[in-house]
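Heads up: the protein sequence lines correspond to chains A and B, in order.
Residues 3 to 203 (our numbering) are what the first sequence spells out, left to right.
Residues 3 to 203 (our numbering) are what the second sequence spells out, left to right.
There are 2 protein chains.
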Amino acid sequence: MTRSAELPATRDRLIAAMSDALQRRGYHGVGLSELLVEAQAPKGVLYHHFPGGKTELAIAAIQSAVSRLTSALDRLIASGADPVAALSAWMAGAEKQLEKGRFEKGCPLATVALESTAEDETIRGEIAAGFAAIRDRLSSALVASGVVPAKARALSTLIVSAYEGALMQARVAGSLAPMTETASALLQLIQSELDAVKGIR
Amino acid sequence: MTRSAELPATRDRLIAAMSDALQRRGYHGVGLSELLVEAQAPKGVLYHHFPGGKTELAIAAIQSAVSRLTSALDRLIASGADPVAALSAWMAGAEKQLEKGRFEKGCPLATVALESTAEDETIRGEIAAGFAAIRDRLSSALVASGVVPAKARALSTLIVSAYEGALMQARVAGSLAPMTETASALLQLIQSELDAVKGIR
DNA sequence: GAATCTATAGACCGGTCGGTCTAGTGTCAA
DNA sequence: TTGACACTAGACCGACCGGTCTATAGATTC
């Protein structure tokens, strides 16, 4: 064990610093030097672990964020809670995160998604795959609750859309209101949809 | 800095170039030189019209975008179409814009909203005000259709959230699907809400 | 213990960034 | 004709950008 116990491995510190930066300012908003100060690492170490430089580090950060999100989602779904309760819990968690980050930290995918151009093929692909993975999980959870597949897909896309848009509005407003309002309206939709399913059955 | 009714063409070209850039890559993603090539203007002219430089130009672009959006919304609402039809038309318009811009042009507010930090006070304020103005218009249109104010506010926030999130997903996916799916699920909610209102009446 | 390899360390580089500055140019009023 | 003024034009600047390079420390292998 070459490194001190309290500090995570250098590679992980770099990824964590990039993740944090992507949530706060996006890809073009951060400089390498700032990133390295945050990660307490010299420049050489970045290009040792990520020969592709800033881009490769960003991709790693995105992948790490996606796997964090999807596994949290999996856990939530596996817990057996009904969709409305699960979504409600998720939104409440987002509100807590927003407050904890003083409205400065958002979704690690969103900003980069909007900043990226057609040339940023790899990054875009990674983000698109991340969104798709999240939608798929939501969708199959809804199907498991009796929603027909086509409707489940539309609903899960709406959930992701609403979540991202709510985070965006809440951040610029510096207020939880957009998040809570979005959540309340959204939850009502899901509930009525599930009730309809039950009625038919 | 109040300005007479007639604006110099150059000023407008600068604003247009910035608007376009904000939709494609966001604030930090564009360079001044690129902007000036696009606007066919030399550097001096930028600082003549916008002494505050890049930031002031971005603010002007955002204000211009907001007034374009709100007046389009006003027109749509004034046309007397019922909320569902109006929203449906709006979403269809967004899809057309997405395709026209080959999925490279998104909302002029969204990217900057996510890139901005607490220090970018003016820009954030402008964006927050823009979102609020849009929500207010939607909300009062819903109230006019019989929705109770509190529910109308939540619903209008959800509409904006869904719209922004759908644009985001559609862009990275390079596909209209996230937009159409979001729209269909959302429209159904509004419809059922309005039906409920009618039932009570 | 020499050789090798991974990881750390930071000086250094060319290019580009946003921004300033000075020099014109065209228009209009006196 | 001249002076004032709004606007155009682009050379120029220091700072910072992402990225490369060489040096070295520590662990591992033979």
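Where is the CB? At the ideal position from N, CA and C, for every residue including glycine.
Notebook entry, point to check: Counting Cβ pairs closer than 8 Å, one from the stretch 35-52 of chain A and one from the stretch 120-134 of chain A, do we hit at least three?
Noted result: Contact between the stretch 35-52 of chain A and the stretch 120-134 of chain A is absent, because fewer than three Cβ pairs lie under 8 Å.
Check: Among residues of its own chain, excluding the 5 on either side of L169 of chain A, which ones have a beta-carbon nearer than 8 Å to its beta-carbon?
Finding: Along the first sequence, read from residue 1 onward, the residue named residue 169 of chain A stands at position 167. For L169 of chain A, where only same-chain residues beyond five positions count, the Cβ hits under 8 Å are A96, L100, G108, C109, A112 and M181.
Next item on the list: Inspect the CB distances between the stretch 143-157 of chain A and the stretch 81-92 of chain A and report whether three or more fall short of 8 Å.
Entry: yes
Notebook entry, point to check: Alpha carbon to alpha carbon, how far is R173 of chain B from F105 of chain B?
Noted result: The residue you call residue 173 of chain B lines up with position 171 of the second sequence. The residue you call residue 105 of chain B lines up with position 103 of the second sequence. Approximately 5 Å, taken between the alpha carbons.
Notebook entry, point to check: First and last residue of the alpha helix (DSSP H) that includes K180 of chain A?
Noted result: Sequence index remark: in the first sequence, residue 180 of chain A carries index 178 (1-based). Inspection of the sequence shows that residue 180 of chain A is occupied by Pro rather than by Lys. Boundaries of the alpha helix (DSSP H) around P180 of chain A: A179 to I202.
Check: Alpha carbon to alpha carbon, what distance is there between S186 of chain A and L189 of chain B?
Finding: Walking along the second sequence from the start, residue 189 of chain B turns up at place 187. Walking along the first sequence from the start, residue 186 of chain A turns up at place 184. Between L189 of chain B and S186 of chain A, the C-alpha separation is close to 16 Å.
Notebook entry, point to check: What is the rounded straight-line gap between the Cα of Q193 of chain A and the Cα of V162 of chain B?
Noted result: Counted from its first residue, the first sequence places residue 193 of chain A at position 191. Counted from its first residue, the second sequence places residue 162 of chain B at position 160. Straight through space, the alpha carbons of V162 of chain B and Q193 of chain A are spaced by roughly 21 Å.
Notebook entry, point to check: Taking the alpha-carbon positions, what's the S114 of chain B to A156 of chain B distance?
Noted result: The residue given as residue 114 of chain B occupies position 112 in the second sequence. The residue given as residue 156 of chain B occupies position 154 in the second sequence. A quick correction: the sequence has Val, not Ser, at residue 114 of chain B. C-alpha separation (whole angstroms): 24 Å.
Notebook entry, point to check: Taking the Cβ atom as the reference point for each residue, do M20 of chain A and L37 of chain A lie within a distance shorter than 8 Å?
Noted result: For the purposes of this step, residue 20 of chain A is taken as residue 18 along the first sequence, with counting starting at 1. For the purposes of this step, residue 37 of chain A is taken as residue 35 along the first sequence, with counting starting at 1. For M20 of chain A and L37 of chain A, yes; Cβs fall inside 8 Å.
Notebook entry, point to check: From the beta carbon of I61 of chain A, is the nearest beta carbon of chain B less than 8 Å away?
Noted result: In the first sequence, the residue the question calls residue 61 of chain A occupies position 59. No, its Cβ sits nowhere closer than 8 Å to a Cβ of chain B.
Next item on the list: Just the C-alpha distance for G55 of chain B and A152 of chain A, rounded to the nearest angstrom, thanks.
Entry: As a first step, residue 55 of chain B must be located in the second sequence, where it is residue number 53. As a first step, residue 152 of chain A must be located in the first sequence, where it is residue number 150. Rounded to the nearest angstrom, the two C-alpha atoms are 49 Å apart.
Item checked: Cutoff 8 Å: S194 of chain A Cβ touching any chain B Cβ -> If you number the first sequence from 1, residue 194 of chain A lands on position 192. A Cβ of chain B is located within less than 8 Å of the beta carbon of S194 of chain A.
Notebook entry, point to check: Around the Cβ of H50 of chain B, are there at least 16 other Cβ atoms within 10 angstroms (buried) or fewer (exposed)?
Noted result: What you label residue 50 of chain B is simply residue 48 of the second sequence in a count that begins at 1. Looking at its Cβ environment, which holds fewer than 16 other Cβ atoms inside 10 Å, H50 of chain B is exposed.
Check: Does any CB atom of chain A fall closer than 8 Å to the CB of E40 of chain B?
Finding: Position 38 of the second sequence, counted from the first residue, corresponds to residue 40 of chain B. E40 of chain B is outside the set of residues whose beta carbon lies under 8 Å from a beta carbon in chain A.
Notebook entry, point to check: With 16 other CB atoms within 10 Å as the buried threshold, where does G46 of chain B fall?
Noted result: Walking along the second sequence from the start, residue 46 of chain B turns up at place 44. The residue is exposed, with fewer than 16 neighbouring Cβ atoms inside 10 Å.
Item checked: Alpha-carbon spacing of R80 of chain A relative to S73 of chain A, whole angstroms -> Within the first sequence, numbered from 1, the residue matching residue 80 of chain A stands at position 78. Within the first sequence, numbered from 1, the residue matching residue 73 of chain A stands at position 71. At residue 80 of chain A the sequence reads Ala, which differs from the Arg that was named. Spanning the two alpha carbons is a distance of roughly 10 Å.
Notebook entry, point to check: For R139 of chain A, which option in A:L71, A:D122 and A:R13 has the closest C-alpha, if you only look at C-alpha atoms?
Noted result: Position 137 of the first sequence, counted from the first residue, corresponds to residue 139 of chain A. Taking only the C-alpha atoms, the option nearest R139 of chain A is A:L71.
Next item on the list: Decide if I202 of chain B is buried, meaning its Cβ has at least 16 other Cβ atoms within 10 Å, or exposed.
Entry: As a working mapping, residue 202 of chain B is identified with position 200 in the second sequence. Label assigned to I202 of chain B: exposed.
Next item on the list: Could you check what DSSP says for D122 of chain B in three-state terms: helix, strand or coil?
Entry: By 1-based counting over the second sequence, the position of residue 122 of chain B is 120. Here D122 of chain B carries a coil assignment [DSSP, helix/strand/coil].
Next item on the list: Select from B:A164, B:A120, B:E183 and B:R137 the residue whose C-alpha is nearest the C-alpha of D76 of chain B.
Entry: For this step, residue 76 of chain B is matched to residue 74 along the second sequence. Nearest of B:A164, B:A120, B:E183 and B:R137 to D76 of chain B, Cα basis: B:R137.
Checklist line | Nearest-angstrom Cα separation, counted from V150 of chain B out to E123 of chain A | finding: Counting from one through the first sequence, the residue named residue 123 of chain A turns up at place 121. Counting from one through the second sequence, the residue named residue 150 of chain B turns up at place 148. So the two alpha carbons sit approximately 46 Å from each other.
Margin query: Quick check on the burial criterion: 16 or more other C-beta atoms within 10 angstroms. Buried or exposed for T184 of chain B?
Written below: Walking along the second sequence from the start, residue 184 of chain B turns up at place 182. Flag for T184 of chain B reads buried.
Next item on the list: Consult DSSP for A43 of chain B and reduce its assignment to one of helix, strand or coil.
Entry: Position 41 of the second sequence, counted from the first residue, corresponds to residue 43 of chain B. If DSSP states are grouped into helix, strand and coil, A43 of chain B belongs with coil.
Checklist line | Proximal residues of chain B, C-beta to C-beta of G95 of chain A below 7 Å | finding: For the purposes of this step, residue 95 of chain A is taken as residue 93 along the first sequence, with counting starting at 1. Neighbours of G95 of chain A across chain B, judged by C-beta separation under 7 Å, do not exist; the nearest C-beta is about 17 Å away.
Next item on the list: Let me know the secondary structure DSSP gives R5 of chain A once reduced to three states.
Entry: On the first sequence, position 3 is the one that residue 5 of chain A refers to. Note that R5 of chain A scores 39 on pLDDT, short of 50, meaning its location in the model is unreliable; the coordinates nonetheless yield the value given after this. R5 of chain A: coil per DSSP, three-state reduction.
Item checked: Proximal residues of chain A, C-beta to C-beta of F52 of chain B below 9 Å -> Working through the second sequence from its first residue, we reach residue 52 of chain B at position 50. Within 9 Å Cβ-Cβ: nothing; F52 of chain B doesn't reach chain A, min ~21 Å.
Checklist line | Candidates A:A175, A:I125, A:A134 and A:G167: closest to A62 of chain A by CA position | finding: What you label residue 62 of chain A is simply residue 60 of the first sequence in a count that begins at 1. Of the candidates A:A175, A:I125, A:A134 and A:G167, the one whose C-alpha sits nearest the C-alpha of A62 of chain A is A:I125.
Check: Whose Cβ in chain B lies nearer than 9 Å to the Cβ of Y165 of chain A?
Finding: Taking the first sequence and counting its residues from 1, one reaches residue 165 of chain A at position 163. Within chain B, the residues near Y165 of chain A are S163 and G167.
Notebook entry, point to check: Between the stretch 88-113 of chain B and chain A, which residues of the former have a C-beta closer than 7 Å to a C-beta of the latter?
Noted result: Under the 7 Å Cβ criterion, the stretch 88-113 of chain B contributes E106, G108, A112 and T113.
Notebook entry, point to check: Taking buried to mean at least 16 other C-beta atoms within 10 Å of its own C-beta, is A94 of chain B buried or exposed?
Noted result: As a working note, residue 94 of chain B is residue 92 in the second sequence. A94 of chain B is classed as exposed because its beta carbon has fewer than 16 other beta carbons within 10 Å across all chains shown.
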